[in-house]
Amino acid sequence: MDLDSSDEEIYLLARLLEIEHRKRKRKRKQIWVKHIWKNRLIHGEFHTIFEELKRDSLKFYEYYRMEYWQFLKLTDLLRVHITKKTTNYRCTITAEERLTVTLRFLITGCSFKNLSFNFRMGISTVHSIIHETIRVICDVLMPIVMQMPDEEMWEKVSRDFFNIWNFPNCLGAIDGKHVNIQAPDNSGSLYYNYKNFFSTVLLAVVDAKYSFLIVDVGSYGKNSDGGILQNSKFWKKLNTNKLKLPPNKPLPSTTESLPHVFIGDEAFPLSNNILRPYPREQARTELSKKVFNLRLSRARKVVECAFGMLTQRFEIYQKRMKIQPKYCDLIILATTCLHNFLIENRTPGQENEFHSNINLLTAITDNNNENSSNSDAVLTTRNKFKDYFSSSGALDWQDEVATRVS
């Protein structure tokens, strides 16, 4: 538009006043925000609640999902890796506070922005603390609580499955869990699963006491559990004899040696070292096969319980993770390590807390498909386990429970 000199001066003055007003408004906001962060030691969530929680064990457990002595032990393991030096320009954030921010992120699934206000820290500070601490948790805890089993450890797992779940020669229960994520940019349908949401997959082998033995993360949600297994490092090591499995061994009260096995549901292939249930139509007409399915699925439920414990303790799994898949993988690894740490360091008497939650009537997998190309040796192995469960390895209640299932 055309302006004479006086109008132009008025217009420029108005623009300058508007710019100055915006600067002052922005400066007031910056001062207000900085004032909030400066009050961290007075009003920050950690500084207002930690000492009180220490005096109330039930509330401490509710807030941290672990007991106080477990929190101290975990902090001591991580301290040297997450503590920063105090300088003349800043008061360092302690290891306890850093771990608290990270745990609350995992426990609640709260956004960085909300955590920023809760703990009176800048968003970038919260982001940095969480990502760094999660990496440290993986690096420090994994060699302690999730090292690759050797033959001696596999044998202990096998003994536990027999003593607790009456399933001999078992080295672990295997299953997959879809973790809800925000669709990554330019990923198309790679992460879109059969449950109609975007996910990355946690494939896990779990022992008789709900600890994760092996985890494989990062597979696309669109893949099936069986497909994920066959593309996993675990499968490759299993098929190249690099897992250091114990030698074949007779089932109790028998003489013929049979392989040690992992147990899974119908999504997984029947193989030399993996047992799955008989198809429903076969089990419907033969009680011994129905009993086998019951016994296998009863022992296999430990992996579902482990996933349930993980989801219950870390509610970030109950929400959509709005971060890049590679960071989701780190979160999964960190939470499984924390899960194992808490299993290994739990209060005496808690070992059997989840055993009673196994529902026998829902423990039989409903499947009706099987690959006809399975070798005779693989089928024979499963039949040997079936015969054992209906003879010398039978349990008093199994026939009654099996017949109550259609």
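Sequential numbering of the sequence shown, starting at 60, is according to this note's numbering.
Every residue gets a Cβ at the ideal spot worked out from N, C-alpha and C, and that includes glycine.
Burial state of residue i (16 or more Cβ within 10 Å)
| i | result |
| --- | --- |
| Gly247 | exposed |
| Ala436 | exposed |
| Arg179 | buried |
| Arg74 | exposed |
| Pro318 | buried |
| Ile152 | buried |
| Leu438 | exposed |
| Ile466 | This structure gives no information on residue 466, because the portion of the chain shown stretches from 60 to 465. |
| Val139 | exposed |
| Leu355 | buried |
| Arg463 | exposed |
| Gln371 | exposed |
| Glu104 | buried |
| Ser415 | Since pLDDT at Ser415 reaches only 47, below the 50 mark, its modelled position is unreliable, and the value read off the structure follows with that caveat. Flag for Ser415 reads exposed. |
| Tyr504 | For the chain, the structure presents residues 60 to 465; residue 504 sits outside this window and is missing. |
| Ser270 | buried |
| Arg335 | buried |
| Asn307 | exposed |
| Asn331 | exposed |
| Arg163 | buried |
| Trp128 | exposed |
| Thr145 | exposed |
| Asp455 | exposed |
| Lys118 | exposed |
| Gln377 | exposed |
| Pro202 | exposed |
| Ile101 | exposed |
| Leu131 | exposed |
| Asn98 | exposed |
| Ser434 | exposed |
| Gln457 | buried |
| Glu121 | exposed |
| Lys113 | exposed |
| Pro407 | exposed |
| Ile90 | Residue placement at Ile90 is poorly supported in this model, since its pLDDT is 44, which falls under 50; the coordinates are not used for a value here. |
| Asp284 | buried |
| Lys143 | exposed |
| Glu325 | buried |
| Val217 | Sequence inspection shows Ser at residue 217; the Val mentioned does not correspond to that position. With 16 or more Cβ atoms within 10 Å of its Cβ, Ser217 is classed as buried. |
| Thr161 | buried |
| Glu156 | buried |
8 Å contact criterion, which residue i and residue j should meet: CB distance rounded
| i | j | result |
| --- | --- | --- |
| Leu310 | Pro227 | 5 Å |
| Cys229 | Val320 | 6 Å |
| Lys268 | Asp219 | 6 Å |
| Ser451 | Ser347 | Contact doesn't hold; Cβ gap of about 13 Å is too wide. |
| Leu158 | Thr192 | 6 Å |
| Lys471 | Phe351 | The chain is shown from 60 up to 465; residue 471 falls before or after that span and cannot be answered. |
| Arg357 | Gly323 | With 8 Å as the limit, Arg357 and Gly323 do not qualify as a contact, their Cβ atoms being about 14 Å apart. |
| Arg441 | Leu329 | 7 Å |
| Leu262 | Ser291 | 6 Å |
| Ser506 | Ile240 | Summary: the structure shown does not reach residue 506, with the chain confined to residues 60 through 465, and so no result is reported for it. |
| Val265 | Ala232 | 5 Å |
| Ala154 | Ile141 | 5 Å |
| His186 | Phe171 | 5 Å |
Per DSSP, cross-strand counterpart(s) of residue i
| i | result |
| --- | --- |
| Asp234 | Ala263 |
| Cys229 | Val320 |
| Ile472 | There is no way to answer for residue 472, as the model of the chain reaches only from 60 to 465. |
| Tyr251 | Phe257 |
Residue i Cβ short of 8 Å to the ligand ZN heavy atom set
| i | result |
| --- | --- |
| Val195 | With respect to small molecules bound, the structure shown includes none, and the ligand ZN cannot be examined in it. |
* Taking three-plus beta-carbon pairs below 8 Å as touching, is the region 305-320 in contact with the region 255-275? -> Result no; under three Cβ-Cβ pairs closer than 8 Å.
* For the 8 Å Cβ check, are there 3 or more pairs between the region 233-247 and the region 338-345? -> Fewer than three Cβ pairs drawn from the region 233-247 and the region 338-345 lie within less than 8 Å of each other, which leaves the two stretches out of contact.
* Which runs of the beta strand (DSSP E) fall wholly inside the region 263-344 and span at least 3 residues, in chain order? -> Whole beta strand (DSSP E) segments, 3+ residues: 271-279, 320-322.
* Asked: Looking at C-beta atoms only, is the number of pairs between the region 392-409 and the region 298-307 that lie closer than 8 Å three or more?
  -> The region 392-409 vs the region 298-307: no contact.
* To do: Specify whether the region 192-204 and the region 385-395 touch according to this definition: at least 3 beta carbon pairs, one from each stretch, less than 8 Å apart.
  => Below 8 Å, enough C-beta pairs join the region 192-204 and the region 385-395 to call them touching: three or more.
* Spell out a yes or no on whether the region 280-287 and the region 368-388 are touching, meaning 3 or more CB-CB pairs, one atom from each, closer than 8 Å. => These segments do not touch.
* Within the region 136-164, ranges of the alpha helix (DSSP H) (whole runs, at least 4 residues) -> Listed in chain order, there is nothing to give.
* 4 or more residues per run - each alpha helix (DSSP H) lying fully within the region 111-140 -> The qualifying runs are 116-123.
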